[in-house]
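A short worksheet on the structure shown next.
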Ligand SMILES: [Zn+2]
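In my numbering, the protein residues as written are 9 to 189.
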């Protein structure tokens, strides 16, 4: 359920059978989020919201509704670009260097550029579409190397170095950037 609030913008209402009362928090998109017990009606949710306005205003860093919409738009755009590019780039390098993975997943976490699971699923962050190509390729090569080494051992880095000689610089540059949208 969503409430369109004139002051806070779009408010996400999460119903949970475990919620005992109302809790307010901030979603990753900077929106106000409230978790309420399952039986809560829209009317009741709005009433909770109204009676907590002062506290919310004071304690929670809610993004301006215009900023919320701008971010949504940027995320949609990045996600579209990522879908049309990252799976193919991954496939290209996998074929080129003889790696076999199972699936490619696109993520939008705030913390990781990519990951590789033990069941050979490679996850790539849509935020990669914001960084220069050499850094993007480095993340792909890094995750592919994890198919052979599920750690950051010396052997792992030796394998990364085979395909990206500048991997150290790329790793350093990525650390200074934030994958979040
Ligand atoms: Zn790694």
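Positions of the beta carbon are idealized from the N, C-alpha and C atoms, including for glycine.
A direct Cα-Cα distance of roughly 24 angstroms separates residue 73 from residue 49.
Rounded to whole angstroms, residue 129 and residue 58 show a C-alpha spacing of 45 angstroms. In this structure, residue 147 lies away from residue 170, with their beta-carbon atoms at least 8 angstroms apart. Nearest neighbour of residue 26 by Cα position, chosen from 71, 44, 37, 12, turns out to be 44. Listed in chain order, the non-local C-beta contacts of residue 17 below 7 angstroms within the same chain comprise 39, 73, 76, local neighbours out to five positions each way being set aside. Between residue 29 and residue 118, the C-beta spacing is not below 8 angstroms. When only Cα atoms are considered, residue 152 and residue 143 end up about 14 angstroms apart.
Measuring C-alpha to C-alpha distances from residue 87 to each of 100, 67, 69, 115 identifies 115 as the nearest. The criterion of a C-beta distance shorter than 8 angstroms is satisfied by residue 109 and residue 102.
With fewer than 16 other CB atoms across the displayed protein chains lying within 10 angstroms of its CB, residue 160 is exposed. Residue 137 has no beta-bridge partner at all, per DSSP. Counting only the Cα atoms, residue 154 lies some 17 angstroms from residue 178. In this structure, DSSP gives residue 70 a state outside helix and strand, which the three-state scheme calls coil. Nearest to residue 89 by alpha-carbon distance, out of 98, 123, 125, 137, is 137. A direct Cα-Cα distance of roughly 55 angstroms separates residue 56 from residue 172. Excluding its 5 nearest sequence neighbours in each direction, residue 120 has C-beta neighbours in its own chain below 7 angstroms: 133, 187, listed in chain order. Here the alpha carbon of residue 32 sits roughly 40 angstroms from the alpha carbon of residue 141.
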